[in-house]
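One structure is given below, encoded as structure tokens.
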Amino acid sequence: MIYIVTRHEGAVLWLRSKGYVGSILPHLEREQIAGGNTYIGVLPIPMVKAILDAGSRFLLLVLPDMAFSQRGASMTPAEMDLAGAHLVEVKGIELAPLKRAVVFGGTDGHGATMTVISERNLEKEGYEVTRVCELKQLKMGSNLGKNDLPEDCGTRFPEYFWGFTFLNYDFSGLRAGDIVVVVDIPLPIRVNLDFSAADEAIEKIGELREKGIRVVLIDHHKRAITHYGKAIEKGAEVTFSLGAEQYCHYGAPDAYSRFWGTLGAICDRDPSMLPVEADEMEPFEERERYAAWIDLKKRDLPFLLETIRNDARESLTCPEATLRPPASEVEKNVTVVKRLTENSGYKELDAACACNDTPYGVGITHDCSAILVINYWKKLRPEEKNRIPALPVALRLAQHRERFGHDTALTIKLGSPDCKEAEAQMDEIVKTLNSTRIKRDTLPENREDAIDYIASAFSDVPTPYFLTMHGWSHIETVLDSARILGMISGLTADEQTLLDWAALCHDLGNGAVAYRDTYGLIVADDDDGAEAREKHELYTVQILTEWNKMGVFRDIISEDDLRIISDLCYRHRKMSVLPKDPGASKLCSLLRVADALDKTRNRARYNDNGEPYSWVKEKLPAESIKHWEAQRAIDAIRLHIEKDRIVFEFLVTDEENSTFIIDDFEKELAPLGNTIPAWSIRITPVPE
């Protein structure tokens, strides 16, 4: 057990690099340190482990003279080694126990980077960290039982990790105050196993919490979320990263985590990483090459993890990191790959879509056990010629029950490996993805049609150029946040459905100018969108009323539910009075928070016409510039959720500019009282 006995930052960093922390400085006088009568001998660093194994607990760091100088305060761990830093035993000092942490992490490029960033941040807090991030080849199948797979299934497949690796892991070395962190491995729906891995894992989480061990789950998977509410009830802490996937890790960001986190987010096809301005293009191309290298090297996961841990950026220059696109065909909006290479998955589909410039990609796995479906990630934002990007595959293919993944990348599992069946199902999926958005003169027949109808309505709305994104991209983001907030708030399925519809419809009134004549809305003839924006909640209710008369929601949303949804939309702005009914008040509060959470840089990089901020700024009024600049100063928002409290963490690059949005967000929360758990706001600076 090694403890720090110097105030010098260099010494602190050196010991942390060895995995030890603490302080006994208050127990020692300077004369004791310098006098030598408390030493039993000078120890070279390689002998430290032998001393620890022999039972010695009290060690003192001794630095050469140069390390006690001003220079020593800023020495790196490597420089400390070269300078001859060593350790000696000290007698008679009572020390605090060592803190321990276990970090489980996903094995793709994003998971690997987030895992190592979390590991390093835990070490900064004084934890001795055990990292568990392992790729294992396992058999796939249906209704697999507990005897069909090994106790340790690695961390690649969420269902297998939670159902086997996590349940069987030996946590006996942990005690109260220690911590378990799970990064980028979502609690899964039941797909391959004959038991619910998530439910059993949550019981295990409860057991750990009863022993005083913290359990922190860190995720970003938006609508593909399950069971987190139950985990929170059992005492887990859950962190969601909104606005940018590069912050899906434990601890505060720094220059190191921003570099590797950005590459991890590109590996995960995060649209917030895509370049918008001309000066962003070249740096992005370089980062994309680096991310391709990470994707290539994840096959040698131990090497990749150590490369990231050691910040070995020189390794990223490898020229071989180019994924060859597979043979493919194009059917309208869809790139079709008849057979994907083993272990290539979504990345190979993405490469094929890039060649064909299609918004969707579909492919059959090499063994015909599943069909993979993606949105091409570079087609996930509005463009001048395509203001409404292709709907996420999770929405377009909602009728497929045997599916898992997230919004823009799905795996549709087949009952058994069957190439003919796979090809037949793929043909149906391609037809669905190529189906024209429902026309204005055609009424929806089901939920998916109704969502298409709403999305197409936004394509008719000439959103004022001076607004940050208020079109369909904003609606999808609010829907994602509503799903997260609803899940952690313990909403019933019916309540969540109401909240989802309100999230989808709440900003329809911004299109009042376009619908003035169609629905008889009272809007000034010369309105440039400002009046519609100011009263958009009222116009939203009027549009929903007209749609209901037309039969848009017939057999999809009941009259009673539509009244509740309309009222939620009407009251979604902070100046409105919350509904008197407690249930409706809770839903309205969650809608307001979900709407307010879309206030990050990604929303203010361009407007709904696809025009970048540098173009728009030239013609913006001063008040609009204030809004844009404030949002651009917020890189992301992380939600830290416990059973009875939520911390909203704003990750900011410009604290002064961000104040306007954060103050406004606080006003949004202030009147919500006990409708949401006790909340607080944390502002974390992010290095440029």
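The numbering of the sequence shown is my numbering, which starts it at 54 and goes up by one.
Think of the CB as a built atom: it goes at the ideal place given N, C-alpha and C, for glycine as much as any other residue.
TODO: Would you identify the three-state DSSP class for Tyr659, choosing helix, strand or coil?
DONE: Along the sequence shown, read from residue 1 onward, the residue named residue 659 stands at position 606. In the structure shown, Tyr659 sits in a strand (DSSP, three-state: E or B).
TODO: Could you tell me the boundaries of the alpha helix (DSSP H) in which Lys152 lies?
DONE: The count along the sequence shown starts at 1 and reaches residue 152 at position 99. Segment Lys152 to Gly158 is the beta strand (DSSP E) holding Lys152; no alpha helix (DSSP H) there.
Task: Ala462 versus Tyr429 - alpha carbon distance - done: Numbered from 1 along the sequence shown, position 409 holds the residue referred to as residue 462. Numbered from 1 along the sequence shown, position 376 holds the residue referred to as residue 429. Cα to Cα, Ala462 sits roughly 9 Å from Tyr429.
Open item on the list: Here's the rule: buried if 16 or more other CB atoms are within 10 angstroms of the residue's CB, otherwise exposed. What is Gln595?
Closed with: Within the sequence shown, numbered from 1, the residue matching residue 595 stands at position 542. Gln595 comes out buried.
Open item on the list: I need the DSSP call for Arg311, collapsed to helix, strand or coil.
Closed with: Locating residue 311 in the sequence shown gives position 258, counting from the first residue. Looking at Arg311 - three-state DSSP - the assignment turns out to be helix.
TODO: Look at Ile729 and Ile699 and say whether their C-beta atoms are less than 8 Å apart.
DONE: Working through the sequence shown from its first residue, we reach residue 729 at position 676. Working through the sequence shown from its first residue, we reach residue 699 at position 646. In contact: Ile729 and Ile699 (Cβ atoms closer than 8 Å).
Open item on the list: I'd like the list of long-range same chain contacts for Tyr180, defined as Cβ closer than 7 Å, with 5 residues on each side in sequence excluded.
Closed with: Taking the first residue of the sequence shown as position 1, residue 180 is located at position 127. If we look at Tyr180 and ignore the five residues flanking it on each side, its Cβ neighbours are Lys152, Arg153, Ala154 and Ile232.
Task: Buried or exposed by the 16-neighbour rule on C-beta atoms within 10 Å, applied to Val739 - done: On the sequence shown, residue 739 is found 686 positions in, with the first residue counted as 1. Buried, by the Cβ-count rule.
TODO: Determine contact between the segment 296 to 306 and the segment 321 to 338, defined as no fewer than three beta-carbon pairs at a distance below 8 Å.
DONE: yes
Open item on the list: For Glu476 and Ile417, which I take to be in contact (beta-carbon distance under 8 Å), what is that distance rounded to the nearest angstrom?
Closed with: Taking the sequence shown and counting its residues from 1, the one referred to as residue 476 is at position 423. Taking the sequence shown and counting its residues from 1, the one referred to as residue 417 is at position 364. 7 Å between Cβ atoms; contact.
Task: Beta-carbon proximity check, Val236 vs Gly288, cutoff 8 Å - done: Position 183 of the sequence shown, counting from 1, holds the residue named residue 236. Position 235 of the sequence shown, counting from 1, holds the residue named residue 288. Not in contact: Val236 and Gly288 (Cβ atoms no closer than 8 Å).
Task: Thr168: first and last residue of the uninterrupted alpha helix (DSSP H) it sits in - done: Indexing the sequence shown from 1 puts residue 168 at position 115. Looking at the DSSP string, the run of the alpha helix (DSSP H) that includes Thr168 is Gly162 to Lys177.
Task: 8 Å Cβ cutoff met for Pro470 and Asp460 - done: The count along the sequence shown starts at 1 and reaches residue 470 at position 417. The count along the sequence shown starts at 1 and reaches residue 460 at position 407. Their beta carbons are not under 8 Å apart, which means Pro470 does not touch Asp460 by this criterion.
TODO: Would you list the residues sitting across from Leu197 in a DSSP beta bridge?
DONE: Counted from its first residue, the sequence shown places residue 197 at position 144. Answer by DSSP bridge pairing, in chain order: Leu246.
Task: Any non-hydrogen atom of the ligand GDP closer than 7 Å to Arg645 Cβ - done: No copy of the ligand GDP occurs in the structure displayed, which carries no ligand at all.
TODO: Classify Glu695 as helix, strand or coil using the three-state DSSP reduction.
DONE: Taking the first residue of the sequence shown as 1, we reach residue 695 at position 642. Three-state result, Glu695: strand.
- [ ] Note the first and the last residue of the continuous beta strand (DSSP E) segment covering Phe224.
- [x] If you number the sequence shown from 1, residue 224 lands on position 171. That residue, Phe224, is in no beta strand (DSSP E); it is neither H nor E in DSSP.
Task: Inter-residue spacing [alpha-carbon to alpha-carbon] between Thr593 and Ile347 - done: As a first step, residue 593 must be located in the sequence shown, where it is residue number 540. As a first step, residue 347 must be located in the sequence shown, where it is residue number 294. Approximately 46 Å, taken between the alpha carbons.
TODO: Just the C-alpha distance for Ile678 and Tyr666, rounded to the nearest angstrom, thanks.
DONE: Taking the sequence shown and counting its residues from 1, one reaches residue 678 at position 625. Taking the sequence shown and counting its residues from 1, one reaches residue 666 at position 613. Straight-line Cα distance between these residues: approximately 10 Å.
Open item on the list: Can you give me the C-alpha to C-alpha distance between Asn655 and Lys264, rounded to a whole angstrom?
Closed with: Here residue 655 refers to the residue found at position 602 of the sequence shown. Here residue 264 refers to the residue found at position 211 of the sequence shown. Between Asn655 and Lys264, the C-alpha separation is close to 41 Å.
Task: For His273, the nearest candidate out of Asp201, Phe219 and Tyr303 (CA to CA) - done: To locate residue 273, count along the sequence shown from 1; it is residue 220. The shortest Cα separation from His273 among Asp201, Phe219 and Tyr303 belongs to Tyr303.
- [ ] Tell me whether His302 sits in a helix, a strand or coil according to DSSP, three-state version.
- [x] Locating residue 302 in the sequence shown gives position 249, counting from the first residue. Three-state DSSP puts His302 in coil, outside helix and strand.
Open item on the list: Tell me the rounded alpha-carbon separation between Arg626 and Glu590.
Closed with: On the sequence shown, residue 626 is found 573 positions in, with the first residue counted as 1. On the sequence shown, residue 590 is found 537 positions in, with the first residue counted as 1. So the alpha carbons of these two residues sit roughly 8 Å apart.
TODO: With a floor of 4 residues, list each alpha helix (DSSP H) that falls wholly inside the segment 360 to 435, ordered by position along the chain.
DONE: 399 to 409
Open item on the list: Just verifying my parser: in three-state terms, what is the DSSP assignment at Glu676?
Closed with: For the purposes of this step, residue 676 is identified with residue 623 of the sequence shown, where counting begins at 1. Reduced to three states, the DSSP call for Glu676 is helix.
TODO: Buried or exposed for Gln684, please, with buried defined as at least 16 other CB atoms from any protein chain shown within 10 angstroms of its CB.
DONE: Locating residue 684 in the sequence shown gives position 631, where the first residue counts as 1. Buried, since its Cβ has 16 or more Cβ neighbours within 10 Å.
- [ ] May I ask you to report which of helix, strand or coil DSSP gives Leu240?
- [x] By one-based count along the sequence shown, residue 240 stands at place 187. It is coil, neither helix nor strand.
Task: DSSP-derived helix/strand/coil call for Val329 - done: Position 276 of the sequence shown holds residue 329. Val329 falls in the coil class under three-state DSSP.
- [ ] Report the three-state DSSP secondary structure of Arg616 (helix, strand or coil).
- [x] Here residue 616 is taken as the residue at index 563 of the sequence shown, counted from 1. Three-state result, Arg616: helix.
- [ ] Find out if the Cβ-Cβ distance for the pair Ser294, Gly468 is shorter than 8 Å.
- [x] In the sequence shown, residue 294 corresponds to position 241, counting from 1. In the sequence shown, residue 468 corresponds to position 415, counting from 1. Contact flag unset, no.
Task: DSSP-derived helix/strand/coil call for Leu538 - done: The count along the sequence shown starts at 1 and reaches residue 538 at position 485. Looking at Leu538 - three-state DSSP - the assignment turns out to be helix.
Open item on the list: Between the alpha carbons of Lys400 and Val630, how many angstroms are there, rounded?
Closed with: Working through the sequence shown from its first residue, we reach residue 400 at position 347. Working through the sequence shown from its first residue, we reach residue 630 at position 577. Rounded to the nearest angstrom, the two C-alpha atoms are 48 Å apart.
Task: Sequence-distant residues of its chain with Cβ nearer than 8 Å to Thr160 (five each side left out) - done: Numbered from its first residue, the sequence shown carries residue 160 at position 107. Excluding sequence neighbours, Thr160 sits near Cys186, Glu187, Leu188, Gly207, Thr208, Arg209, Lys351 and Leu354.
Task: Closest Cα partner of Val329 within the set Asp688, Glu664 and Asp697 - done: Numbered from its first residue, the sequence shown carries residue 329 at position 276. With distances taken between Cα atoms, Val329 lies closest to Glu664.
- [ ] Under the assumption that His559 contacts Leu644 (Cβ atoms under 8 Å), give the Cβ distance between them as a whole number of angstroms.
- [x] In the sequence shown, the residue the question calls residue 559 occupies position 506. In the sequence shown, the residue the question calls residue 644 occupies position 591. With 8 Å as the limit, His559 and Leu644 qualify as a contact, their Cβ atoms being about 7 Å apart.
- [ ] For the alpha helix (DSSP H) containing Thr485, list its first residue and its last residue.
- [x] Counting from 1 along the sequence shown, the entry for residue 485 is found at position 432. From DSSP, the alpha helix (DSSP H) with Thr485 extends over Cys472 to Asn487.
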